[in-house]
Ligand code: CUK
Ligand code: CUA
Ligand code: CA
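Residue numbers (our numbering): 653 to 1302.
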């Protein structure tokens, strides 16, 4: 069992609160809407009812410090990119850091009125449609985004993001910052954790990402087609592997328990997911009935060999091979595909340290962090570690409600404490020594109050071998008094922390639209986006203004339009009621930042077209009259004059 005594070196005001919480206490806590943490932060907040018209200054202004300045002069560029999940807006956001400026949003899973995502034929093809041509889904819930690797660092090719609601994974091309593929995972629900691999487990030449792993939280009948509704013992979940290039699902693993977050090792050999519901509970009481759950490891090479050897089954209409990763089938380490390392009560988050040695699980309902040594997990798979839990090299108390961990590349970990509303900075090697019996070691280095109730945390380059220990961002779930009030829905607070010194220094607050969850931060040199498209990449492009015009085949009409500021070509086109119309717009402008928009009143059409890009929409001409198709994106002094007259004859 764990060593859950108080670390003497840490400054903990009330040690009694930090004893391992028992199940009854936790049940009360969950039932009362996390009352422990919220009441704690209420104390700091000005009383809402008596708040003056101008809100009181926020609780903890940034201390003056000699460290980094997050404020950039006008025209100065940020030094880091931040890729942020959009939460239940279903998009992917790009921030510049340290300024915290939101530069871009990439629509993925849900329609977007600026881009015309969900309106254009091209975006509908990526998003998926029903037989009648309408979108299959219009809602999403993104949590996690991670980017592709090469040699242990980001290579600027792709990022991926999950949709928890409909179990979809989207890929974002980082050259154009567009979503180019979406895959729906078969036979799973509550797809949550996601992580790309960092190299191939077998082929040393493949030192870059070729797989993306996806964990699913909810257990369901397999297949979920109406069978076994009242046979909960048959409900299961699967861990999935998606091909980074084709975006097809390569294989899945049937497991015991569930999947929450995901992590991968730098040697490509292991992936893991933390499991909070090893009990298979249906209600929170059941899900927190055990004192320990698991961090479940996957032996990638063995799983792929099993698939090759035909040792799999399939479920329902899915052709994806599913191997057996349940505990019972994997008791022999020498042939096991999976390994269930035990971790305390309902862990959340599993994070790989930048030195490649450890995965760290945060305890959530236990005030601990568990450090698992990957070399020992591999030893177990080789049959050389008698007891799998011997791979746990530290399990130390860090504070209440630990959720996610980031790293500075100097041996320190930074974990969010949801209930304590803090970040705790702790030293991994010191924690290992403490766990081994040296109780004089002080592993907690610093604590910082954040505002309020932090979830995800990440540091610059933290998820690479090149963690640089400069900046840390933390996503706080409650903003309360931090921003001007705007009615019942509060923004969330993204806080920026300077971690270049021994002490953490809070330097900025930013409001953010709910609820991003996870993000990554990396050096700007790692990306070199293109700012003008290549006309040749679009098979339906109209390459010359002279090729623009209207082309009719019976009731099917194609209107080829070009844009070149400040005019569309043709300037007018005639349709008949009942026509099935496809408008294909090519933006012939070659100048960077010269984007045009194309809106058709009363036809629910609006989209933008970037330099040298081609997009199309298809609709039925069902309303006679005159409709001014106009440019929605300010492009020229004659932007308002940039129109084409659509005439629909009765
Ligand atoms: S989960 Cu949100 S705070 Cu979806 Cu990554 Cu931990
Ligand atoms: Cu073209 Cu505005
Ligand atoms: Ca549990």
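The beta carbon of each residue, even a glycine, is placed where N, CA and C say it ideally should be.
Proximity of the region 802-811 to the region 870-881 falls short of the contact definition, fewer than three beta-carbon pairs being nearer than 8 Å. The beta carbon of residue 747 lies closer than 7 Å to those of 734, 736, 753, 754, 755 in the same chain, with the five residues before and after it left out.
Cβ contact annotation for residue 816 (same chain, cutoff 7 Å, sequence separation greater than five): 793, 795, 842, 843, 844, in chain order. Not one heavy atom of ligand 2 falls within 7 Å of the beta-carbon of residue 777. For the options 1025, 1034, 1050, 1111, the alpha carbon positioned closest to that of residue 1041 is the one of 1025. Shortest Cα-Cα distance from residue 1184 to any of 1132, 1012, 1136, 1238 involves 1238. Proximity of the beta carbon of residue 992 to ligand 3 is not indicated: no heavy atom of the ligand is located closer than 7 Å. Across the set 1258, 1063, 1085, the C-alpha of 1063 shows the shortest separation from the C-alpha of residue 1154. In this structure, the straight-line span from the alpha carbon of residue 780 to that of residue 789 is close to 8 Å. Scanning the region 924-980 for uninterrupted beta strand (DSSP E) segments of 3 residues or longer gives 944-951, 974-976, listed from N- to C-terminal end. In this structure, the beta-carbon distance from residue 819 to residue 840 falls below 8 Å. By the CB criterion at 8 Å, residue 926 and residue 893 fall outside the cutoff. Annotation: the continuous beta strand (DSSP E) that includes residue 1298 extends over 1295-1301. At least one heavy atom of ligand 1 is found less than 7 Å from the C-beta of residue 1107. In this structure, DSSP gives residue 1220 an extended state, which the three-state scheme calls strand. Looking from the CA of residue 1297, the closest CA among 1086, 765, 1219 belongs to 1219.
When secondary structure is reduced to three states using DSSP, residue 1201 falls in the strand class. Annotation: the continuous beta strand (DSSP E) that includes residue 1014 extends over 1010-1014. Distances from the alpha-carbon of residue 1102 to those of 826, 1069, 1196 put 1069 closest. Following the DSSP letters along the chain, one finds residue 876 in no beta strand (DSSP E), marked with neither H nor E.
When rounded, the separation of the alpha-carbon atoms in residue 1132 and residue 739 is 19 Å. In this structure residue 1267 does not touch residue 897 by the C-beta definition: roughly 24 Å separates them, more than the 8 Å allowed. As for any beta strand (DSSP E) of minimum length 3 sitting wholly inside the region 1059-1109, the runs are 1064-1069, 1074-1079, 1096-1101, ordered along the chain. As for any alpha helix (DSSP H) of minimum length 4 sitting wholly inside the region 990-1042, the runs are 1026-1033, ordered along the chain. In the displayed model, residue 1215 falls within a strand according to three-state DSSP. Between residue 1181 and residue 828, the gap from beta carbon to beta carbon is short of 8 Å. Here DSSP, grouped into helix, strand and coil, assigns residue 1242 to coil. Shown here for residue 1134: same chain residues with a beta carbon closer than 7 Å to its own, the five before and five after excluded, namely 710, 1103, 1145, 1161 in chain order.
Restricting attention to alpha helix (DSSP H) runs no shorter than 4 residues, the region 746-828 encloses them at 773-779, ordered along the chain.
Contact between residue 917 and residue 1004 holds: CB atoms are separated by about 7 Å, below the 8 Å threshold. The beta-carbon separation of residue 865 and residue 811, rounded to 15 Å, does not stay under the 8 Å limit for a contact. Under the DSSP assignment, residue 845 falls in the beta strand (DSSP E) whose first and last residues are 841-848.
Residue 1273 holds the alpha-carbon nearest to the alpha-carbon of residue 1256 among 759, 1200, 1273.
Linking residue 1178 to residue 1091 through their CA atoms gives a straight-line distance of about 42 Å. Taking a cut-off of 8 Å on C-beta distances, the region 1038-1053 does not touch the region 1116-1123, as fewer than three cross pairs fall below it. Residue 1268 is bridged by DSSP to 1236.
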